[in-house]
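So the structure is just underneath, and the comments pick up after that.
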Amino acid sequence: MSEARIVPGPPATRDHLLAAQERARLLRTELPRVRAAATAWRNALAALLAALIGFSLIKGRSDVNQLATPWAVVVGALLLTALVCGATGALSLVRAAHGRPAVSALRDLLSRRVADHTEALAAATSLRRGIGLTLLCTAFLVAAVAVTWYGPAAKPPALQVTTPAVGTICGTVVRADRGTLVLRTASGEVLANLSEATAIRPVDACPA
Amino acid sequence: MSADQNPLPYKEVTEPSYGQAAAESFTVEHVRKGVVVLRGSCPRCRGAMEVPLVGTVFDGMRSLLGQRRSTAAAPNEHVEPLVCTCDDTHPNRPEGRTGCGAYWTILLTTESL
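Chains G and V, in that order, give the protein sequences. For the first sequence, my numbering assigns the number 1 to the initial residue and increments by one for each residue that follows. For the second sequence, my numbering assigns the number 209 to the initial residue and increments by one for each residue that follows.
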């Protein structure tokens with residue numbers, strides 16, 4: 001906290017006049033300028049996200065279950081983070097462009113010029129935060145799509161078939177035809193006769 | 209003299225007495241950190257005026273990038289140029305201007321408590 005006092009200053013010059021007029025102009029137009037900037041940024045970033053998502057400019061696998069388990073979780077986490085960043089960023093941009101619906105005690109109200117300046121600085125802070133979070137949201141979306149592109153695919157479910165002739169074989173299904181099943185096992189494709197099978201069990205992965 | 213009844217024409221003018229009158233009649237309120245508000249009557253037209261002296265101001269993208277323009281000089285003691293910003297009507301006032309055109313300077317001293 002500080003105390004301020006004033007005394008007469010030196011003789012005023014034309015430069016002083018211009019400086020005072022410029023300060024008055026900056027303060028008088030400060031809030032409309034930050035509102036206009038926030039509206040422009042809001043529209044531009046909304047258009048960017050709409051183009052990226054709405055027009056499928058970036059698109060990966062539509063089902064993350066096609067990814068190997070840890071990578072599917074990574075995609076989910078990235079999408080959730082993008083959602084949080086996008087929602088928070090959008091709210092920040094809206095707050096910067098339109099203010100917040102606040103109710104204040106009458107005795108706490110500042111003068112209009114000071115209140116406008118305070119609101120302008122708060123709006124500028126919200127605008128910076130909104131821009132950052134929206135761009136972060138875009139980055140997380142791109143990262144999520146990249147992981148779906150380049151992440152390893154999930155292994156297809158395997159079958160473990162037991163027959164008296166062959167014993168127990170385990171592998172992914174290649175094809176089924178006329179009571180036989182062709183499995184791709186570690187040692188190549190193996191034909192299993194289903195009519196002789198004594199047990200068929202789906203497994204997540206074949207034993208090593 | 210009431211500006212409403214007999215408004216002075218807009219004229220960019222200064223006199224040594226303006227600073228003296230402002231220093232004697234203006235109130236100084238330290239609203240919060242970085243914001244000092246001067247209130248009083250214009251020494252020329254007697255219109256009520258209020259001048260916030262702020263440390264930072266939004267200045268377009270430069271502000272967003274962190275390079276805010278400072279409208280107040282360093283703390284402690286510094287010269288502040290003032291111009292009438294009353295809301296009264298003054299004939300011949302150019303578009304975009306406020307007040308009656310009177311300008312002067314004061315020496316603002318801030319002391320930490």
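From the three backbone atoms N, C-alpha and C, an ideal C-beta is built for every residue, glycine too.
For Val239/V, the closest alpha carbon among the candidates Arg247/V, Glu232/V and Ser233/V is that of Arg247/V. Counting along the chain, the unbroken beta strand (DSSP E) around His238/V starts and ends at Thr235 to Arg240.
Here Ala20/G is actually not in contact with Val243/V; their C-beta atoms are around 17 Å apart, not less than 8 Å.
For a cut-off of 8 Å, the C-beta gap from Pro10/G to Thr313/V is around 6 Å, short enough to register as a contact. Of all residues in the stretch 126-147 of chain G, the ones placed with a Cβ closer than 8 Å to any Cβ belonging to chain V are Leu127, Arg128 and Ile131, in chain order.
Within the model, the alpha-carbon separation for Thr163/G versus Lys155/G is close to 24 Å. Nearest to Ile200/G by C-alpha distance, out of Val173/G, Leu159/G, Pro207/G and Asn193/G, is Leu159/G. Against chain V, the beta carbon of Glu119/G has no neighbour under 8 Å; the closest one sits roughly 10 Å away.
DSSP places Ser126/G inside the alpha helix (DSSP H), whose first and last residues are Arg112 to Tyr150. Contacts with chain G at 8 Å (Cβ-Cβ) include Leu290/V.
With respect to the C-alpha of Val203/G, the residue from Arg175/G, Ile6/G, Val182/G and Cys170/G having the closest C-alpha is Cys170/G. Taking all protein chains in view, the Cβ of Arg107/G is surrounded by fewer than 16 other Cβ atoms within 10 Å, so the residue is classified as exposed. Between the stretch 289-309 of chain V and the stretch 245-260 of chain V, the count of Cβ pairs shorter than 8 Å is three or higher; the stretches touch.
For Gly99/G, there are no C-beta contacts with chain V under 9 Å, since the nearest C-beta of that chain is about 14 Å from it. With respect to Glu30/G, Ala102/G sits apart: the two C-beta atoms are not nearer than 8 Å.
A contact is defined here as three or more CB-CB pairs under 8 Å, and the stretch 60-76 of chain G fails this definition with respect to the stretch 124-132 of chain G.
One finds Ala4, Arg5, Ile6 and Val7 in chain G with Cβ atoms closer than 8 Å to the Cβ of Thr317/V, taken in chain order. Look at His238/V: its C-beta is under 8 Å from a C-beta on chain G. Assignment of beta-bridge partners to Trp312/V by DSSP yields Leu290/V. For Asn193/G, the uninterrupted beta strand (DSSP E) run begins and ends at Gly188 to Asn193, by DSSP.
Those residues of the stretch 209-235 of chain V placed with their C-beta closer than 8 Å to a C-beta in chain G are Glu220, Thr222, Pro224, Tyr226, Gly227, Gln228, Ala230, Ala231 and Phe234, ordered along the chain. Counting only the Cα atoms, Asp267/V lies some 42 Å from Thr148/G. Val166/G carries a coil assignment under DSSP once its states are collapsed to helix, strand and coil. The CB of Glu258/V comes closer than 7 Å to the CB of Ser111 and Arg113 in chain G, given here in chain order.
For Thr297/V, no chain G residue has a Cβ inside 7 Å of its Cβ, as the nearest lies near 17 Å away. A residue is called buried once 16 or more other Cβ atoms fall within 10 Å of its Cβ, and Ala231/V is buried on that count. Within the stretch 10-37 of chain G, Pro10, Pro11, Ala12, Thr13, Arg14, Asp15, His16, Leu17, Leu18, Ala19, Ala20, Gln21, Glu22, Arg23, Ala24, Arg25, Leu26, Leu27, Arg28, Glu30, Leu31, Arg33, Val34 and Ala37 place their CB atoms closer than 9 Å to a CB of chain V, listed in sequence order.
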